[in-house]
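Residue numbers for the sequence shown follow the working numbering, so the first one is 56 and each next one is one higher.
A virtual CB, placed ideally from N, CA and C, is assigned to each residue, including glycine.
The structure under discussion appears below in the form of structure tokens.
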Amino acid sequence: MTTTLTGIEPIPVEYVLGIAQTKATDAQRRPYIDLIERWGDEMNCADEARRLLRQLREGQEIDTRKMPCEFMARYRQPEVAEQLIEIVRKIDAVITSKQEHWTWAHVMRVMIDEGIILKTTPNRFDTLICSMVPTRKSDTVRKHGDYAYLMRQKDSWPFWTSQPHLNPDLAAARSICNQIALEFAPILTRTIRLEL
Numbered sequence: 056m057t058t059t060l061t062g063i064e065p066i067p068v069e070y071v072l073g074i075a076q077t078k079a080t081d082a083q084r085r086p087y088i089d090l091i092e093r094w095g096d097e098m099n100c101a102d103e104a105r106r107l108l109r110q111l112r113e114g115q116e117i118d119t120r121k122m123p124c125e126f127m128a129r130y131r132q133p134e135v136a137e138q139l140i141e142i143v144r145k146i147d148a149v150i151t152s153k154q155e156h157w158t159w160a161h162v163m164r165v166m167i168d169e170g171i172i173l174k175t176t177p178n179r180f181d182t183l184i185c186s187m188v189p190t191r192k193s194d195t196v197r198k199h200g201d202y203a204y205l206m207r208q209k210d211s212w213p214f215w216t217s218q219p220h221l222n223p224d225l226a227a228a229r230s231i232c233n234q235i236a237l238e239f240a241p242i243l244t245r246t247i248r249l250e251l
């Protein structure tokens, strides 16, 4: 039996799902999951509830109006945030296709050095990326690349050596970071040029 207030429409379950998709962690999504499960039980819609919860697991998305505090203020503005998410999804496609030697560790380093995000941990970076790329499974980002090596470098990536005879690993990492920074170029405040 459901009780409704006179003149007030019930909240659609899709609305609840939409809010749940903007939450970054399982703990933040839990109350919405419980609500959808309870709705399924009480309204005799268990199959629909399972479908919605499956959709939630596969399609968690970040809310461009409420970007996490790890993003610098410029990248929390909805118009810029939308562009940023599209760029991250393009980068994900390149990483997934393995057409380049890009890793998420390189992406994190570029995003920190270019002032897109504050310095963060690989675990938190994983959560941020997974919320921007709903098809990306949790833990895959933080396990993709040598975060320790790239974050140990004291200078920003543009100041790393480009001379392979001095340090081949660092020169290769610099080249990869340059390619990734070019993807972010439309939303950066400084000009990025392709290094040859």
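Would you tell me roughly how many angstroms separate the C-alpha atoms of residue i and residue j, rounded to the nearest one?
i	j	result
W94	L72	12 Å
D147	C185	10 Å
I171	M127	6 Å
Q218	N233	14 Å
I74	Q110	13 Å
R84	Y204	33 Å
M56	E137	At M56 the pLDDT is 45, less than 50, meaning the model places this residue with poor confidence; the figure from the coordinates comes in the next sentence. So the two alpha carbons sit approximately 42 Å from each other.
M98	G62	20 Å
V188	Y130	16 Å
W215	K145	25 Å
I231	I117	26 Å
C156	I150	Note that residue 156 is His in the sequence shown here, rather than Cys. Rounded to whole angstroms, H156 to I150 spans 8 Å at the Cα level.
Which residue's Cα is closest to the Cα of residue i: the options?
i	options	result
A236	C185, K209 and E169	E169
K78	A228, N99 and T119	T119
L225	N178, D201 and I142	D201
P133	M166, K121, R164 and E125	K121
P43	V149, T182, E238 and P223	Given a span of 56 to 251 for the chain in the structure shown, any question on residue 43 remains unanswerable.
T195	H220, E238, T158 and T175	T158
T190	P86, Q76, K174 and V68	Q76
I242	I142, H199 and I231	I142
Could you have a look at residue i and say whether DSSP puts it in helix, strand or coil?
i	result
I146	helix
I172	strand
H199	coil
M56	Note that M56 scores a pLDDT of 45, beneath 50, so its modelled location is shaky and nothing firm can be said.
I66	coil
H161	helix
L251	coil
D194	coil
V188	coil
C100	coil
D181	helix
D118	coil
T246	coil
E155	coil
Q138	helix
Q132	coil
Which partner residues of residue i appear in the DSSP bridge assignment?
i	result
F126	I172
Could you give the uninterrupted runs of the alpha helix (DSSP H) lying entirely in the segment 203-242, keeping only those of 4 residues or more? Positions of the alpha helix (DSSP H) runs, each at least 4 residues long and wholly inside the segment 203-242, are given as 223-239 in order along the chain.
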